[in-house]
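Residue numbers (the numbering used here): 959 to 1255. Just so you know, even glycine gets a beta-carbon here, dropped at the ideal spot from N, CA and C. Encoded as structure tokens, the structure appears first; notes follow it.
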């Protein structure tokens, strides 16, 4: 869970004028020709959206706009694709966003309407209502849950540790339970949103699914750290790797949160890791490395 830079709205008026127009299809006039006043009315809705930080309200539905105009804006969303008239909206939204801001698991592949276009038609092509998400997160959101999710642009996350994980070693496997810390000092409204999306998007289950495959990549490093300095070597390795991944990702990304928790788990560091991540080849490798080092010296 992380914030994204708020997109510019400098082209908002021009975007509307570019995609809302009349055209002839099979000798029939279609589309909509908005007046300057109607364009201004949509921009006023954009202003309200910004002022209320994307919170849903009746005023954002555009009841003061002609229905044909609102419908035309909704249908204009397809113009944000590569072959459309305003592809820059999509290109800019995905720029420098490597992972979905909601889960941090998969890359974003879809643009989500924070407030759904089926209900809030005037916001269908507004850049600040369009958030890049992965397929799983976007597919998990329901139109009826408008306002229950944290807004990646407007709901600023404070620099506190709010994502936490409990570690248990059971039957030779690692069991993780991720949750949101109620005592992290988050504002009540923001806390409610983050807890809601944690449950609604099944983030704990999705994190757990990736935990074991992620840790496998650290098998050799953990075993060799233990060979060199026992449990303290494991704790050092995990803590250093957590710091690296906090910089690579962010403080409340599921990976560094996991690594910090493992570093504090005595059972894991003092031998439990061997059950979770067995590797019979590591000890000989470590011995050979030590021998080679001695010879070189």
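Residue i: which of the options sits nearest, CA to CA?
i            : options                   : result
residue 1224 : 1059, 1193 and 1135       : 1193
residue 1144 : 1085, 1091, 1026 and 1115 : 1115
residue 1324 : 985, 1234 and 995         : The chain is shown from 959 up to 1255; residue 1324 falls before or after that span and cannot be answered.
residue 1125 : 983, 1167, 1011 and 1226  : 1226
residue 1175 : 1042, 1098 and 1237       : 1237
residue 1011 : 991, 1109, 1090 and 977   : 1109
residue 1168 : 1147, 1212, 1186 and 1189 : 1212
residue 970  : 1085, 1198, 1170 and 1218 : 1085
residue 1093 : 1173, 1057, 1183 and 1206 : 1057
residue 1156 : 1107, 1218 and 1197       : 1107
residue 1045 : 1088, 1096, 1197 and 1207 : 1088
residue 1042 : 1154, 973, 1062 and 1117  : 973
residue 1052 : 1205, 962 and 1182        : 962
residue 1063 : 1009, 1083, 1040 and 1096 : 1096
residue 1146 : 1113, 1181, 1172 and 1160 : 1113
residue 1072 : 1140, 1151 and 1021       : 1151
residue 1065 : 1049, 1091 and 1040       : 1091
residue 1131 : 1199, 988, 1021 and 1173  : 1173
residue 1103 : 1015, 1197 and 1207       : 1015
Return the chain-ordered list of same chain residues with a C-beta closer than 7 Å to the C-beta of residue i, the five sequence neighbours on each side being excluded.
i            : result
residue 1179 : 1195
residue 1128 : none
residue 978  : 990, 992, 1030, 1031 and 1034
residue 1027 : 990, 992 and 996
I need the boundaries of the beta strand (DSSP E) containing residue i, first residue and last residue.
i            : result
residue 920  : Residue 920 lies beyond the range of the chain shown here (959 to 1255); nothing can be said about it.
residue 1132 : 1131-1138
residue 989  : 986-989
residue 983  : 980-983
If we ignore side chains and look at the alpha-carbon of each, how far apart do residue i and residue j end up?
i            : j            : result
residue 1209 : residue 1163 : 20 Å
residue 1248 : residue 1203 : Note that residue 1248 scores 44 on pLDDT, short of 50, meaning its location in the model is unreliable and no value can be drawn from it.
residue 1221 : residue 1149 : 26 Å
residue 1119 : residue 1142 : 6 Å
residue 980  : residue 986  : 10 Å
residue 1216 : residue 1231 : 14 Å
residue 965  : residue 1111 : 8 Å
residue 1038 : residue 1067 : 14 Å
residue 1060 : residue 959  : 5 Å
residue 1079 : residue 1013 : 15 Å
residue 1133 : residue 1170 : 9 Å
residue 1201 : residue 1214 : 7 Å
residue 1024 : residue 1138 : 43 Å
residue 1184 : residue 1121 : 28 Å
residue 1158 : residue 1105 : 13 Å
residue 968  : residue 1001 : 11 Å
residue 1234 : residue 999  : 60 Å
residue 1019 : residue 1081 : 8 Å
residue 1070 : residue 1083 : 11 Å
residue 1099 : residue 1154 : 11 Å
residue 1181 : residue 1160 : 32 Å
residue 1009 : residue 1022 : 19 Å
residue 1205 : residue 1117 : 13 Å
residue 1207 : residue 1036 : 31 Å
residue 1140 : residue 1040 : 42 Å
What span of residues does the alpha helix (DSSP H) with residue i cover, start to end?
i            : result
residue 1232 : 1231-1234
residue 1153 : 1146-1158
residue 1002 : 994-1009
residue 977  : 970-977
For residue i, collect the residues of the same chain with a Cβ closer than 8 Å to its Cβ; drop the 5 residues on either side in sequence, then sort them by chain order.
i            : result
residue 1101 : 1074, 1076 and 1077
residue 1017 : 1003 and 1006
residue 1189 : 1224, 1227, 1228 and 1229
residue 988  : 980, 981 and 982
Say yes only if the C-beta of residue i is nearer than 7 Å to one or more non-hydrogen atoms of the ligand FAD, and no if none qualify.
i           : result
residue 997 : No copy of the ligand FAD appears in this structure; indeed no ligand is present at all.
Looking only at its own chain, which residues have a Cβ that is under 6 Å from the Cβ of residue i, when we skip the five neighbours before and after it?
i            : result
residue 1136 : 1123, 1162 and 1165
residue 1047 : 1038 and 1085
residue 1257 : Here the chain comprises residues numbered 959 to 1255, so residue 1257 is not present and cannot be evaluated.
residue 983  : none
residue 1199 : 1217
residue 1177 : 1235 and 1237
residue 1054 : none
Worksheet item: Which runs of the beta strand (DSSP E), 3 residues or longer, sit entirely within the segment 1027-1092?
Response: Secondary structure within the segment 1027-1092: the beta strand (DSSP E) runs of 3 or more consecutive residues, fully enclosed, are 1068-1071 and 1088-1091 (chain order).
Worksheet item: What are the uninterrupted segments assigned as beta strand (DSSP E) that are 3 or more residues long and contained completely in the segment 1167-1212, given in chain order?
Response: Qualifying beta strand (DSSP E) stretches: none in this window.
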